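Participant: What follows is a structure written as structure tokens; I'll ask about it next.
In our numbering, the protein residues as written are 145 to 312.
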């Protein structure tokens with residue numbers, strides 16, 4: 145199940161944005177005024193899953209992809225049993241970061257988006273039994289490379305390297 149998405153410079157979304165999609169077990173709905181971005185969310189998921197062409201935000205068209213770095217990062221809620229071995233280890237690392245990330249773990253420019261995700265995550269934790277589920281943020285950037293959006297932070301590096309990273 146997709147519970148949310150981080151969109152960066154995709155269609156109507158300027159900069160990075162977290163869009164919560166559901167915090168219930170089996171319900172999802174996109175509602176809002178015209179022009180708010182509902183179709184942008186659906187189109188971005190079509191781009192992600194079906195390799196459709198990207199619909200870049202107008203700022204990207206003016207400034208260029210290398211400076212705006214567009215990305216589509218769905219946040220999945222998946223059953224742990226779908227993973228094993230190395231894939232399970234990576235999925236559990238992403239889940240741990242998603243469950244433990246705080247506003248202090250991201251740069252100041254990303255705090256508002258981290259806060260939106262954290263509030264959504266906390267509602268999900270209250271409403272859904274996550275004991276056999278994993279929250280996995282995983283998507284693509286405009287080059288087709290893997291992206292984990294604001295989850296690519298110190299916690300991720302430490303989890304991958306198995307030790308604390310010194311900062312200067």
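Idealized CB from N, CA, C, for every residue including glycine. Here the structure is a predicted model, which means the values were calculated and not measured.
1. Is the separation between the beta-carbon of residue 155 and that of residue 195 shorter than 8 Å?
2. Flag this pair as yes or no: are the beta carbons of residue 147 and residue 165 separated by less than 8 Å?
3. Taking the C-alpha atoms as reference points, what is the distance between residue 290 and residue 217?
4. Roughly how many whole angstroms lie between the Cα atoms of residue 157 and residue 267?
5. Out of 241, 248, 251, which has the shortest C-alpha to C-alpha gap to residue 281?
6. When you compare only the Cα positions, how much space is there between residue 212 and residue 197?
7. State the beta-bridge partners of residue 230 as determined by DSSP.
8. Return the bridge partner residues of residue 152 from the DSSP annotation.
9. May I ask which residues mark the beginning and end of the beta strand (DSSP E) holding residue 284?
10. Fully enclosed by the segment 219-272, which alpha helix (DSSP H) runs are 4 residues long or longer?
Facilitator: Judging by the given coordinates:
1. For the purposes of this step, residue 155 is identified with residue 11 of the chain shown, where counting begins at 1. For the purposes of this step, residue 195 is identified with residue 51 of the chain shown, where counting begins at 1. Not a contact, by the Cβ cut-off of 8 Å.
2. Position 3 of the chain shown, counted from the first residue, corresponds to residue 147. Position 21 of the chain shown, counted from the first residue, corresponds to residue 165. Yes, the Cβ-Cβ distance between residue 147 and residue 165 is below 8 Å.
3. For this step, residue 290 is matched to residue 146 along the chain shown. For this step, residue 217 is matched to residue 73 along the chain shown. Distance between the alpha carbons of residue 290 and residue 217: 9 Å.
4. Walking along the chain shown from the start, residue 157 turns up at place 13. Walking along the chain shown from the start, residue 267 turns up at place 123. If you take the alpha carbons of residue 157 and residue 267, they lie about 24 Å apart.
5. Counting from one through the chain shown, the residue named residue 281 turns up at place 137. The shortest Cα separation from residue 281 among 241, 248, 251 belongs to 241.
6. Counted from its first residue, the chain shown places residue 212 at position 68. Counted from its first residue, the chain shown places residue 197 at position 53. Spanning the two alpha carbons is a distance of roughly 17 Å.
7. Here residue 230 is taken as the residue at index 86 of the chain shown, counted from 1. Answer is none; residue 230 lacks a bridge partner.
8. In the chain shown, the residue the question calls residue 152 occupies position 8. BP columns for residue 152 point to 160, 215.
9. Looking up residue 284 in the chain shown gives position 140. Run containing residue 284: 283-285, per the beta strand (DSSP E) assignment.
10. 229-244, 255-271
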